[in-house]
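Trainee:
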Ligand code: AMP
Ligand code: MG
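In the working numbering, the protein residues as written are 981 to 1334.
As structure tokens, then:
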């Protein structure tokens, strides 16, 4: 008698536990994902924003923190503004002796050289001394002398950057060389943020670091991630209130599981004697690139999109588009320079406008 009532009690407990298990399993399966906007935070000298889609509030918040953590980590490593960054150490020491660097920095330097080759030197992270020169020229409001530009060019050139794969070291072949990862590091950081968010359980999300954006999965409403492409001309003209920089969206891009990067001279530039010089340097002329107002690149990773957007900005519509068309899974929307701008699209770009 005692045995049989114990058996019944055990059965009840086991059944209850099983039912509870099934209930939680089904509830978890059909739980509707939620979308959390992590807002903007200052990182990498700009404002970054992370949006996440996850099953639980706590999970989403953890993903957002993990994403921002990666952006900060890459910035601490690759910033040339921070004296204690790994990149700054390379810039200080790599002419004197080969500098052993982390696998991540080595990877980004290798990728940078690949993009330099691909773009015939339009993309070149050794552009640092020219970036500095034009920055100072802007402060002094004086265009640098041709002789100074020529002299500075001597310490520039990706072929003078020596990477030793076996030793994982970097060395500069010329004195005065200085690396500037401003054209590629944000994209790399965005990719790392997406990786970290996925690891923490994100089903979807969007990471934006200024003009570098990557979207994955879908928004919570199962729609499409949307990215506004600014009108670079309107961004510099006064609006009806006389405000310069008033934003005007030229097109809305629909981006799912893709990265998109925009480069242009409408946000960052120096003005000397009333003339605007882009922060993106054409290493041929040693002067600000002036062929495009902006260019937007779609690619599988934010690193690819970032490096290519800087490269195409230097190359201009004709050569830039030829490069884009030669690459699988890459598209572009270019806006030519001048107030009477033209919009030039690659063959597959319409897919992002529908
Ligand atoms: P982005 O906004 O991604 O096009 O990057 C622009 C930044 O890249 C500049 O502010 C510089 O720090 C750096 N840069 C300028 N010119 C070049 C170039 N020709 N190749 C690679 N990086 C560049
Ligand atoms: Mg770039």
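Heads up, the beta-carbon is just placed ideally off N, CA and C, and yes, glycines get one too.
In this text, all values refer to a predicted model and were calculated from it rather than measured experimentally.
Keeping to the same chain, check which residues put their C-beta closer than 7 Å to that of residue 1144; ignore five residues upstream and five downstream.
Mentor: Here residue 1144 refers to the residue found at position 164 when the chain shown is read from its first residue. The answer, listed in chain order, is 1078.
Trainee: Does the distance from the CB of residue 1029 to the CB of residue 1195 come in under 8 Å?
Mentor: Position 49 of the chain shown holds residue 1029. Position 215 of the chain shown holds residue 1195. No; because the gap between Cβ atoms is not below 8 Å, this pair is not in contact.
Trainee: Taking 8 Å as the threshold (C-beta atoms), are residue 1068 and residue 1055 in contact?
Mentor: Within the chain shown, residue 1055 is the residue found at index 75, counting from 1. Within the chain shown, residue 1068 is the residue found at index 88, counting from 1. In this structure, residue 1068 does not lie closer than 8 Å to residue 1055 by Cβ.
Trainee: Which partner residues does residue 1299 have in the DSSP bridge list?
Mentor: Here the question's residue 1299 lines up with position 319 in the chain shown. Looking at the DSSP assignment, residue 1299 forms no beta bridge with any residue, so it has no partner.
Trainee: Please report the Cβ distance between residue 1088 and residue 1286, rounded to the nearest whole angstrom; I am assuming they are in contact, meaning their Cβ atoms lie under 8 Å.
Mentor: Mapped onto the chain shown, residue 1088 falls at position 108. Mapped onto the chain shown, residue 1286 falls at position 306. Actually they do not touch by this definition, with Cβ atoms about 11 Å apart.
Trainee: Who are the Cβ neighbours of residue 1261 in its own chain at under 8 Å, not counting the five residues just before and after it?
Mentor: In the chain shown, the residue the question calls residue 1261 occupies position 281. Excluding positions up to five away in sequence, the list reads 1107, 1110, 1111, 1114, 1267, 1268, 1269 and 1294.
Trainee: Under the rule that 16 or more other beta-carbon atoms within 10 Å means buried, what is residue 1172, buried or exposed?
Mentor: Position 192 of the chain shown holds residue 1172. Burial call: buried.
Trainee: Count the other CB atoms within 10 Å of the CB of residue 1156; is the residue buried (16 or more) or exposed (fewer)?
Mentor: Translated into the one-based positions of the chain shown, residue 1156 becomes position 176. Classification for residue 1156: exposed.
Trainee: What whole-angstrom Cβ distance do residue 1016 and residue 1052 have, given they're in contact under 8 Å?
Mentor: Translated into the one-based positions of the chain shown, residue 1016 becomes position 36. Translated into the one-based positions of the chain shown, residue 1052 becomes position 72. Rounded, the Cβ-Cβ distance is 19 Å, inconsistent with contact.
Trainee: On the three-pair Cβ rule with 8 Å, is the stretch 1190 to 1205 touching the stretch 1235 to 1249?
Mentor: Because the criterion of three Cβ pairs below 8 Å is met, the stretch 1190 to 1205 and the stretch 1235 to 1249 touch.
Trainee: Quick one: grab the DSSP three-state call for residue 1322.
Mentor: Mapped onto the chain shown, residue 1322 falls at position 342. In the structure shown, residue 1322 sits in coil (DSSP, three-state: anything other than H, G, I, E or B).
Trainee: Tell me, which residues are paired with residue 1129 by DSSP?
Mentor: Taking the first residue of the chain shown as 1, we reach residue 1129 at position 149. According to DSSP, which records beta bridges pairwise, residue 1129 is partnered with nothing at all.
Trainee: Per DSSP, which residues does residue 1312 bridge with? Please list them.
Mentor: Within the chain shown, the letter at position 332 stands for residue 1312. Per DSSP, 1277.
Trainee: Taking only runs that begin and end inside the stretch 1090 to 1153, name each unbroken alpha helix (DSSP H) of 4 or more residues, in chain order.
Mentor: The qualifying runs are 1108 to 1120 and 1126 to 1133.
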